[in-house]
Amino acid sequence: MPTPPEKKTARPDLAYIERLIDDRPADGWFSVHRDAFRDPAVFELEMRHIFEATWNFVGLDSQLPNPNDYLTTTIGRAPVVVMRDAEGRLGCFLNSCRHKGAIVFAANAGNGAHHSCPYHGWTYDTGGRCIAITSQRQGSYSPAFDAMEHNLARVAKFDSYRGLLFASLSADVPPLDEYLGDARRGIDLVVDQGPDGIELVPGAVSFTYNANWKFQLENSSDTYHFIPTHTSYIGVLEKRRTARAAASSSTTAGSIYEDIGAQAASRRGSFAFPHGHVLMWGDNPAVEARPLYPMLPELEKRVGKTLAKWMMYVRNLTLFPNVQFAENASMQLRIIRPLAVDRTEMLAYCVAPKGESAQARIKRLRQYEDFFNPTGFATPDDTSAYEACQRGDEAHTLDWQQGYARGIGAMKAGGNTEADELGIKPDYSSVGGYRMGDETIFHANYRAWLELLKRGIARS
Amino acid sequence: MKVDLAEAAALLNLEAMLLDEQDWDGWLALYEENAEFWMPAWKSETEPTADPMKELSMIYYASRSGLEDRVQRIRSGRSVASTPLRRTAHMVGNVILMPDDGSGLASVKSSFNVHVYDTRAKTQHVFFGRTTHRLARRKEGLGIRAKKVILANDCIPTMLDIYCV
Ligand code: FES
Ligand SMILES: [Fe+2]
Chain A
1 MPTPPEKKTA
11 RPDLAYIERL
21 IDDRPADGWF
31 SVHRDAFRDP
41 AVFELEMRHI
51 FEATWNFVGL
61 DSQLPNPNDY
71 LTTTIGRAPV
81 VVMRDAEGRL
91 GCFLNSCRHK
101 GAIVFAANAG
111 NGAHHSCPYH
121 GWTYDTGGRC
131 IAITSQRQGS
141 YSPAFDAMEH
151 NLARVAKFDS
161 YRGLLFASLS
171 ADVPPLDEYL
181 GDARRGIDLV
191 VDQGPDGIEL
201 VPGAVSFTYN
211 ANWKFQLENS
221 SDTYHFIPTH
231 TSYIGVLEKR
241 RTARAAASSS
251 TTAGSIYEDI
261 GAQAASRRGS
271 FAFPHGHVLM
281 WGDNPAVEAR
291 PLYPMLPELE
301 KRVGKTLAKW
311 MMYVRNLTLF
321 PNVQFAENAS
331 MQLRIIRPLA
341 VDRTEMLAYC
351 VAPKGESAQA
361 RIKRLRQYED
371 FFNPTGFATP
381 DDTSAYEACQ
391 RGDEAHTLDW
401 QQGYARGIGA
411 MKAGGNTEAD
421 ELGIKPDYSS
431 VGGYRMGDET
441 IFHANYRAWL
451 ELLKRGIARS
Chain B
461 MKVDLAEAAA
471 LLNLEAMLLD
481 EQDWDGWLAL
491 YEENAEFWMP
501 AWKSETEPTA
511 DPMKELSMIY
521 YASRSGLEDR
531 VQRIRSGRSV
541 ASTPLRRTAH
551 MVGNVILMPD
561 DGSGLASVKS
571 SFNVHVYDTR
581 AKTQHVFFGR
591 TTHRLARRKE
601 GLGIRAKKVI
611 LANDCIPTML
621 DIYCV
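Residue numbers (the working numbering), protein chains in the order written: chain A, 1 to 460; chain B, 461 to 625.
Here you go:
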C-alpha cells in the first residue's frame, strides 16, 4: 500500500499541552488553562487521544435483550453500532460500510438479522459479517479484492462490567476492570438497587449546549454551584413544600432539596480514582424523598445496611471520559458527546431499578423531569451557565481558572472512613460540610486528561 | 360540547399572543385549575411516549400548579436560563375541531412553529410540532382543561421553557 503524503498541519506539541495544567500539590495549587476550553486544536487532540484512544461507555446490555438487537452511538467522532448476533453474543463495530463508508445502521436502535447498506446494498449480519456484495459475480473484481475481508470493522476492545458496555478504538488500553478500578463500586451502587438490576425508562432526551464538554464533565461533581445556580428551582420546591403542608395531599413529587437547609447542613465528599473517574457523594438527610426509599428494607436485607445507606446518598459518578450517573432523588444516565470545542451533545436517560412500584416510578419520573430535563427547572440553568463560561473564556488575555482550589485544605491521600465503608482505595478523598463545595475532585479528571494527551502526542 | 371552530381558533391564537407578550397571568388564567399539561418524550424516531405514569415525558404536570411553578421560576430573576427571557413568536395553524366525543370537552388539534431568539448568543431556533387542546366551557369563556404537545424536533438546544412551545 502506498504511504499517504505526510500531513503538514500545525498541531500543538507536547510543551503546549503540558502548559495547560498547573498541578503543584506541594504549593497547594491546581489550575486548568482556559485554552483547554477554547482552543479548537486542543479539541482535535482530545478526540484523537482521549475519546478515540480509551474506553468509552457505549450502552447497557439491557438495551439489547434479544438476538439481532442493535443500538447506534459514537466513540469520539466515530459512529459505532453495538449489537447482539443471532447466537446472542454482543459485539461492537464501526458503523461504516466497508465499500464507501456509508452508515449501515441508520436508526438509534432496532432489530433485524440482516442489514443492507443504503448506498450499493452490501449486506451485513449482526455478527458484522459481510454476507452479500451486490452483483459480486458480475463485478469483474480482481483477485486482490477477493482476498480482502469486507466485514464491518470491530472496535479494538469491547467489554462489560455489570451490564455496562464499554468499547475502545485503541487496543492499547488496560483491561476494563483495571481501567474502572474501584470506581466499579460506584457502578455496583447503581446496578444493585433492584433485585434484578436496573433498566432505562422508555423515552430518551437529548440536548445540545454551546460550550465545551468539560463543563459538563465537571458540573456533575460540582457541589459548589448547586445553591447559586438552582436558586429558582429551590424556590419552586419551597413553594411546593408549603403547599403540601397546607393541603394533605399534593400532585407534585417531593424532592430531596425541598428542605435546602437540611441539605446544606449535611456532608459532601469525594473520591478520586485512577484514569479520571470520580465519585461525589452526600449523606442525604431526606431519604423519604427518594423513589428508592420504599425498597430500603429489601435493600438492607440484600446488600446490607451500609451499602443500602450509600444507595440513599446523593451520588454523582463520572466514568471518564463520557458517562455519568447522577443520583439525587431520581437517577440520570448521561452520555457526553463533544461536537466541537464550543459545542456538546448530551443524551440522557432516566434509570430505575427493575420492578419498583408504580407509585415509586411516578415519583421518579416527575423528579427526573423537574430536575434533569432540558425542559425542566434545573438543567437549563446548568447549560446556560456553561455557555456563559464559554463566552467569558473568550477573554483571551486571561489564562488560568481559579476553580480547582476549594477543598485543597481538606483533601487527603488515599481513602477515609467513608471509603472504608465501601471497601475502596481511592487515590485521594475529601469530606466536608455542604458549603465547602469541593473542587479537588476535578484534579483527577484533568490528570487523566493530560496523561492521555501526552501519551497520544508522544506517539504521533 | 358545542364549540365552533372560530371560537376554538381564537382561544389558541390568544394563548399564543399571551405567551409572546409574556403576560403570564393572562396565560395562566386560560387554564383550568385541574388542567393537565403534557409534552411526551420520544421512545424512538417514530414514537412518542404514550403513558406519563410509566414513561418519560419532556414535561408533565397533572394540574395548573406545575405551570404556576414555571411562571414563578421565570419571574424569579434567579434562573440564568430565563434572565433575560428569550423572545418568541408563536405561529399556530391548521386548527381542526375534532368530532364531539361526548366527554363534555372539545378537542382541538393544531400545528405550531415557535421562533425563539436568544438575545445573549444572538442565535435563533424554531421549535415545531402538533398540539391537542381539550377545552371546557366556563362562565368567563372557553378554558383549557388539557394540552398535549408533540414536539417534532426534540433535540433541545440548551433549554426549552413553557413559553417556547
Ligand atoms: S457505501 Fe455501502 S454499499 Fe456502497
Ligand atoms: Fe446543576
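Think of the CB as a built atom: it goes at the ideal place given N, C-alpha and C, for glycine as much as any other residue.
Distance cut-off 7 Å: residue i Cβ against heavy atoms of ligand 2
i, result
"F226 of chain A", "yes"
"T618 of chain B", "no"
"A378 of chain A", "yes"
"D462 of chain A", "This structure does not reach residue 462 of chain A, given that chain A is present from 1 up to 460, and the question cannot be answered."
"D125 of chain A", "no"
"N328 of chain A", "no"
"T592 of chain B", "no"
"D382 of chain A", "yes"
Residue i CB to nearest heavy atom of ligand 1 below 7 Å
i, result
"C97 of chain A", "yes"
"C117 of chain A", "yes"
"H120 of chain A", "yes"
"G415 of chain A", "no"
"G112 of chain A", "no"
"K499 of chain A", "Nothing can be reported for residue 499 of chain A, as the shown portion of chain A is limited to 1 through 460."
First and last residue of the uninterrupted alpha helix (DSSP H) at residue i
i, result
"S536 of chain B", "R524 to S536"
"H443 of chain A", "I441 to R459"
"N316 of chain A", "Not the alpha helix (DSSP H): N316 of chain A falls in the beta strand (DSSP E), residues V314 to L319."
"K214 of chain A", "W213 to N219"
"W484 of chain B", "W484 to A489"
"T417 of chain A", "T417 to L422"
"L474 of chain B", "L465 to D480"
"Y179 of chain A", "L176 to L180"
"I17 of chain A", "L14 to E18"
Neighbour-count burial assignment, residue i, 16 or more Cβ in a 10 Å radius
i, result
"M331 of chain A", "buried"
"P321 of chain A", "buried"
"S563 of chain B", "exposed"
"K599 of chain B", "exposed"
"P228 of chain A", "exposed"
"K363 of chain A", "buried"
"R406 of chain A", "buried"
"S504 of chain B", "exposed"
"K608 of chain B", "buried"
"A468 of chain B", "buried"
"R435 of chain A", "exposed"
"M619 of chain B", "buried"
"E471 of chain A", "Shown here, chain A extends from 1 to 460; a query on residue 471 of chain A therefore has no answer."
"A566 of chain B", "buried"
"M499 of chain B", "buried"
"E394 of chain A", "exposed"
"L14 of chain A", "exposed"
"K8 of chain A", "Its pLDDT being 48, under 50, K8 of chain A is placed unreliably in this model, and the value from its coordinates should be taken loosely. It counts as exposed."
"I50 of chain A", "buried"
"L64 of chain A", "buried"
"Q324 of chain A", "buried"
"R524 of chain B", "buried"
"V80 of chain A", "buried"
Test item: CB-CB of residue i and residue j under 8 Å
i, j, result
"L279 of chain A", "L317 of chain A", "yes"
"A132 of chain A", "T126 of chain A", "no"
"R156 of chain A", "S168 of chain A", "The residue asked about is misnamed: residue 156 of chain A is Ala in this sequence, not Arg. Yes."
"S170 of chain A", "A86 of chain A", "no"
"L189 of chain A", "W310 of chain A", "yes"
"Y623 of chain B", "R366 of chain A", "no"
"H99 of chain A", "H120 of chain A", "yes"
"G482 of chain A", "R334 of chain A", "Lying before the first or after the last residue shown, residue 482 of chain A is absent from chain A, which here runs from 1 to 460."
"V82 of chain A", "L94 of chain A", "no"
"L595 of chain B", "V568 of chain B", "yes"
"L474 of chain B", "V555 of chain B", "no"
"A360 of chain A", "S255 of chain A", "no"
"F425 of chain B", "M558 of chain B", "It is not possible to answer for residue 425 of chain B, since the shown part of chain B is limited to 461 through 625."
Partner residues on chain D for residue i, Cβ-Cβ distance less than 9 Å
i, result
"G203 of chain A", "The question asks about chain D, but that chain is absent: this structure's protein chains are A and B."
Continuous beta strand (DSSP E) stretch holding residue i: start and end
i, result
"T231 of chain A", "T231 of chain A -> not in any beta strand (DSSP E); alpha helix (DSSP H) instead, spanning T231 to A246."
"C389 of chain A", "It is not in any beta strand (DSSP E) - C389 of chain A instead sits in the alpha helix (DSSP H) that spans T379 to G392."
"I490 of chain A", "As shown, chain A starts at 1 and ends at 460. That puts residue 490 of chain A outside it, with no answer to give."
"D370 of chain A", "Element bounds for D370 of chain A: not the beta strand (DSSP E) but the alpha helix (DSSP H), A358 to F371."
| task | Report yes or no: do the region 174-191 of chain A and the region 267-274 of chain A share at least 3 C-beta pairs separated by less than 8 Å? | result | yes
| said: Under 8 Å: do the region 250-269 of chain A and the region 280-287 of chain A share three or more Cβ pairs, one atom per stretch? | reply: yes
| Segment contact, 8 Å Cβ cut-off, at least three pairs: the region 438-446 of chain A with the region 578-587 of chain B | no
| task | Specify whether the region 335-343 of chain A and the region 208-219 of chain A touch according to this definition: at least 3 beta carbon pairs, one from each stretch, less than 8 Å apart. | result | yes
| If we count Cβ pairs, one from each stretch, closer than 8 Å, do we get three or more for the region 527-537 of chain B versus the region 477-496 of chain B? | yes
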